[in-house]
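In short: position in the sequence shown from 1, add 1, done, that's the numbering used here.
Using N, Cα and C, we set each Cβ at its ideal position, and we do this for glycine too.
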Amino acid sequence: MATDTLALKPARAPIREPSAWDRLRVNRNWLGAWFMVPAMAFLLLFLAYPLGLGMWMSLTDMRIGRGGSFIGVENYVYLLDDRDFLRATGFTLVYTFIASIFKFSIGLYLAVLLNNNMPFKALIRAVVLIPFIVPTVLSAVAFWWIFDTQFSIFTWLLQKWGILGKNQLINWLGDPLLAQGSVIFANIWRGIPFIAITLLAGLQTVSPSLYEAATLDGASKWQMFRFVTYPLLTPIIAVVMTFSVLFTFTDFQLIWAMTRGGPVNATHLMATLSYQRGILGGRLGEGAAIATAMVPFLLAAIMISWFGLQRRKWQQGENND
2 MATDTLALKP ARAPIREPSA WDRLRVNRNW LGAWFMVPAM AFLLLFLAYP LGLGMWMSLT
62 DMRIGRGGSF IGVENYVYLL DDRDFLRATG FTLVYTFIAS IFKFSIGLYL AVLLNNNMPF
122 KALIRAVVLI PFIVPTVLSA VAFWWIFDTQ FSIFTWLLQK WGILGKNQLI NWLGDPLLAQ
182 GSVIFANIWR GIPFIAITLL AGLQTVSPSL YEAATLDGAS KWQMFRFVTY PLLTPIIAVV
242 MTFSVLFTFT DFQLIWAMTR GGPVNATHLM ATLSYQRGIL GGRLGEGAAI ATAMVPFLLA
302 AIMISWFGLQ RRKWQQGENN D
């Protein structure tokens with residue numbers, strides 16, 4: 002009887018080996034990769050594809066209204082002898098360097114100042130953000146009026162202080178050198194809040210006990226900044242300055258709304274010159290070549306920041322050589 006009962010029991014199904022799809026569903030690394038697919042698709046569609054298309058267009062003689070044929074690096078060879086392109090490249094580098102240095106210096110000072118206990122600190126933080134919140138074009142129009150030859154507030158102040166005669170005027174945006182200084186000033190004013198607020202957020206993460214220990218050791222305020230604040234802020238400084246350099250180097254709205262690259266192409270950046278040649282001038286291939294020429298400079302800025310962070314071995318708990 003026992004033998005018959007055992008014979009009636011169904012045979013146990015063999016254990017099936019998990020398929021590749023089963024392993025993907027339970028593997029946390031692969032699950033994270035699946036969640037990244039929408040973001041990767043977005044980047045490929047709106048960043049990688051336009052970049053690749055622009056690089057291809059830079060190798061053609063494409064114009065608005067007609068397709069172009071492949072001409073190799075002819076556009077780039079032409080740009081090497083183009084005085085306006087070389088001038089725009091030089092001013093882009095100067096514009097980025099000067100503006101980034103001033104934005105970082107003033108932004109760091111404001112961040113340290115706002116990190117201290119002071120009355121109306123929350124209100125002051127909100128006021129500091131105003132230049133960054135205001136739309137770029139609106140800021141550019143405001144500065145266009147500020148630097149206007151007839152109504153400039155700076156000219157009025159210089160007249161009131163006796164530096165200029167009563168009827169003496171300064172053509173701020175009509176003189177090449179003054180126009181370059183004016184657009185750099187406007188960019189600095191607009192970019193300071195981004196750096197100040199970001200560095201302020203980094204300062205909030207520094208433990209007060211470190212400053213207390215430094216005070217007990219007899220460190221001065223400069224020594225506390227040099228050996229406590231600055232090392233801990235280095236990763237944040239690297240990231241924020243990378244973004245600042247990228248935003249400044251590719252600036253378009255501020256320059257185009259204030260000067261449109263004038264006078265005599267003195268304030269053209271590579272971005273504005275690319276727009277002028279490619280869209281307004283109709284030479285899409287040449288405009289794409291100017292835009293593509295910006296890529297090595299941007300990659301260099303990113304790589305400097307990346308390798309600078311990699312050398313900070315104290316971030317991994319090691320001594321920084």
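If you compare the alpha carbons of Gly182, Gln254 and Leu299 with that of Val135, the shortest gap goes to Gln254. Around the beta-carbon of Phe148, 16 or more other beta-carbon atoms lie within 10 Å, marking it buried. With a beta-carbon spacing of about 6 Å, Asp62 and Ser70 fall inside the 8 Å limit used to define contacts. In this structure, Thr273 lies near Ile256, with their beta-carbon atoms less than 8 Å apart.
For Thr150, no alpha helix (DSSP H) segment is defined, and its DSSP state is neither H nor E. The residues Val113, Leu204 and Val207, in chain order, have a CB closer than 8 Å to that of Thr230 in the same chain once the five nearest residues on each side in sequence are set aside.
Straight-line measurement puts the Cα of Val38 at about 10 Å from the Cα of Leu44. With fewer than three CB-CB distances shorter than 8 Å, the region 269-284 does not count as touching the region 164-172. Ile238 counts as buried, since no fewer than 16 other beta carbons sit within 10 angstroms of its beta carbon. A residue is called buried when at least 16 other Cβ atoms come within 10 angstroms of its Cβ; Ser183 meets this threshold and is buried. According to DSSP, residue pairing for Thr61 in a beta bridge involves Phe71. Under the three-state reduction of DSSP output, Pro39 falls in the helix class. By the neighbour-count criterion, in which 16 or more other beta carbons inside 10 Å mark a residue as buried, Ile189 falls on the buried side.
According to the DSSP assignment, Ser275 belongs to the alpha helix (DSSP H) that extends over Met271 to Tyr276. Here the alpha carbon of Ala100 sits roughly 23 Å from the alpha carbon of Phe308. Annotated three-state conformation of Asp85 is helix, per DSSP. In this structure, DSSP gives Leu174 a state outside helix and strand, which the three-state scheme calls coil. Straight through space, the alpha carbons of Leu179 and Ile154 are spaced by roughly 15 Å. Contact check for Leu234 against Leu200 passes: the beta carbons are separated by less than 8 Å. Just measuring C-alpha positions, the residue of Gly288, Arg191 and Glu213 sitting nearest Ile107 is Arg191. In the structure shown, Ile238 adopts helical secondary structure according to DSSP, grouped into three states.
Across the structure, Ala302 and Lys161 are spaced so that their CA atoms are roughly 44 Å apart. Proximity to Arg261 across Ser306, Val246 and Gln181 peaks at Gln181, based on C-alpha coordinates. Taking C-beta atoms as the reference points, Leu80 and Ala290 count as a pair closer than 8 Å.
In the same chain as Leu139, and ignoring 5 residues on each side of it, no C-beta atom comes closer than 6 Å to its own.
Ser306 carries a helical assignment under DSSP once its states are collapsed to helix, strand and coil. In this structure, the CA atom of Met56 is about 36 Å from the CA atom of Ala197. Proximity to Phe152 across Leu174, Phe248 and Leu299 peaks at Leu174, based on C-alpha coordinates. Pairing Phe250 with Thr97 gives a Cβ-Cβ distance under 8 Å.
From the listed residues Gly33, Arg64, Val296 and His269, the smallest Cα separation to Gly53 is found for Val296. Judged by DSSP in its simplified three-state form, Pro194 adopts helix.
In the three-state DSSP reduction, Leu80 falls in the helix class (H, G or I).
Taking all protein chains in view, the Cβ of Arg29 is surrounded by fewer than 16 other Cβ atoms within 10 Å, so the residue is classified as exposed. With respect to the C-alpha of Trp146, the residue from Phe47, Ala187 and Ala123 having the closest C-alpha is Ala187.
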